[in-house]
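Take a look at the structure below.
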Ligand code: GUN
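Numbering (the numbering used here), first residue to last: 433 to 714.
As structure tokens, then:
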């Protein structure tokens, strides 16, 4: 039976560290602040954004949630970002994705000042991650790294397989594992012999967005299985990309959904907001 990696517990420990850091920063006259923009009324996004605001409040970070209607034009959104780029009390800016179809996501990401890009989505910040000289860590992949290292698992020399090649998770995840000296394979929807490749993984990170996609026959006994998936089943229940019931019988470690990677993403966002505030006050 696998050991459960408790994302809620690890996240709470890091947030306590962050709260202490915020206190110390304020004593030096540095006040971190985060602006979160949400366009439209995607129910999942609304929950994520609310949780980001709550998390800021809990650790003493100032936050503003800017809710804009679905029909907001790209021009209006870009003007709002421009305003936030200039405001001193805003250290970090996050535009919740996905955006409505009439808004160009790349243009919006490019409009955020790289100094305030706490998602690390901009070309500059992605480039910095690629060369191993990051300013902001990509939130979800960084959260995964914390879950692994804080569970006492060594990464160096291990075979790591990442399923999924998105710009938000798969690609930056592979980079962070590579920088930690794992041997990394990236798999995706067109990969042949997927199960065979997965069975070589000492560390398997799954971010493909398909409920219960990874089954027990794809997992090497004793492997570390990290489930980034968040899928809503027909019965309304939240489920990951890993068939938890069967895989937890053979894996060495496993993250549950919910309560695994999810809480870590916001925690890493808080960390990036402190980094931004510190840099802007340096
Ligand atoms: N939507 C889903 N995940 C994310 C994320 O990490 N950042 C932003 N901005 N939007 C998201």
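Where a beta carbon is used, it is the ideal one built from N, C-alpha and C, also for glycine.
Worksheet item: With 16 as the cutoff for other CB atoms within 10 Å, does residue 479 come out buried or exposed?
Response: Translated into the one-based positions of the chain shown, residue 479 becomes position 47. Burial call: exposed.
Discussion item. Does the structure place the segment 570-585 close enough to the segment 529-545 that three or more beta carbon pairs sit under 8 Å?
Written reply: no
Item to complete: Measure the Cβ-Cβ separation of residue 594 and residue 618 and say whether it is below 7 Å.
Response: Within the chain shown, numbered from 1, the residue matching residue 594 stands at position 162. Within the chain shown, numbered from 1, the residue matching residue 618 stands at position 186. Yes, they are a contact pair.
Worksheet item: Under the criterion of a Cβ to heavy atom distance below 6 Å, does residue 528 qualify as lining the ligand GUN?
Response: Translated into positions along the chain shown, residue 528 becomes position 96. Answer for residue 528: yes, Cβ within range of the ligand GUN.
Fill in: Cβ neighbour criterion (16 or more within 10 Å) applied to residue 437
Counting from one through the chain shown, the residue named residue 437 turns up at place 5. With 16 or more other Cβ atoms within 10 Å, it is buried.
Worksheet item: Got a sec? Which residues, its chain only, sit under 6 Å from residue 527 by beta carbon, not counting five neighbours each side?
Response: In the chain shown, residue 527 corresponds to position 95, counting from 1. The answer, listed in chain order, is 469 and 540.
Worksheet item: For the putative contact between residue 516 and residue 493, defined by C-beta atoms under 8 Å, what is the C-beta separation to the nearest angstrom?
Response: What you label residue 516 is simply residue 84 of the chain shown in a count that begins at 1. What you label residue 493 is simply residue 61 of the chain shown in a count that begins at 1. Their Cβ separation, rounded to whole angstroms, is 15 Å, which puts residue 516 and residue 493 out of contact at 8 Å.
Worksheet item: Should residue 488 be listed as close to the ligand GUN, given that the test is whether its C-beta is under 6 Å from any heavy atom?
Response: If you number the chain shown from 1, residue 488 lands on position 56. No - the ligand GUN has no heavy atom lying nearer than 6 Å to the Cβ of residue 488.
Discussion item. When you compare the CB positions of residue 584 and residue 693, do they come within less than 7 Å of one another, or not?
Written reply: Translated into the one-based positions of the chain shown, residue 584 becomes position 152. Translated into the one-based positions of the chain shown, residue 693 becomes position 261. It is not a contact, given that the beta carbons lie outside the stated cut-off.
Discussion item. Only counting the same chain, and skipping five residues up and downstream in sequence, which positions put a Cβ closer than 7 Å to that of residue 561?
Written reply: As a working note, residue 561 is residue 129 in the chain shown. Correct list, in chain order: 552, 570, 604 and 607.
Practice prompt. Assign residue 476 to buried or exposed, taking buried as 16 or more other Cβ atoms, counted over all protein chains shown, within 10 Å of its Cβ.
Written response: Along the chain shown, one-based indexing puts residue 476 at 44. Exposed, because fewer than 16 other Cβ atoms sit within 10 Å of the Cβ of residue 476.
Item to complete: Output the residue ranges of the beta strand (DSSP E) runs that lie fully inside the segment 469-554 and measure 3 residues or longer, sorted by chain position.
Response: 494-500 and 524-527
Worksheet entry | Residue nearest to residue 681 in terms of C-alpha spacing, selected from 701, 647, 665 and 707 | On the chain shown, residue 681 is found 249 positions in, with the first residue counted as 1. Minimum Cα distance to residue 681 is reached at 647.
Item to complete: To the nearest angstrom, report how far apart residue 670 and residue 555 are at their CA atoms.
Response: Within the chain shown, numbered from 1, the residue matching residue 670 stands at position 238. Within the chain shown, numbered from 1, the residue matching residue 555 stands at position 123. Between residue 670 and residue 555, the C-alpha separation is close to 32 Å.
Worksheet item: Going straight from the alpha carbon of residue 453 to that of residue 567, what length do you get?
Response: If you number the chain shown from 1, residue 453 lands on position 21. If you number the chain shown from 1, residue 567 lands on position 135. Approximately 18 Å, taken between the alpha carbons.
Worksheet item: Going by other Cβ atoms of all chains shown within 10 Å of its Cβ, with 16 needed for buried, is residue 673 buried or exposed?
Response: The residue given as residue 673 occupies position 241 in the chain shown. Classification for residue 673: buried.
Worksheet item: Considering only residues of the segment 579-658, which uninterrupted alpha helix (DSSP H) runs meet the minimum length of 4 residues and lie entirely inside it, listed in chain order?
Response: 602-611 and 626-630
Discussion item. Please identify the residue among 441, 558 and 535 whose C-alpha is closest to the C-alpha of residue 546.
Written reply: The sequence position of residue 546 within the chain shown is 114, counting from 1. The shortest C-alpha separation from residue 546 is found at 558.
Worksheet item: Which two residues bound the contiguous alpha helix (DSSP H) that contains residue 442?
Response: Residue mapping note: residue 442 aligns to position 10 of the chain shown, counting from 1. Counting along the chain, the alpha helix (DSSP H) containing residue 442 begins and ends at 439-459.
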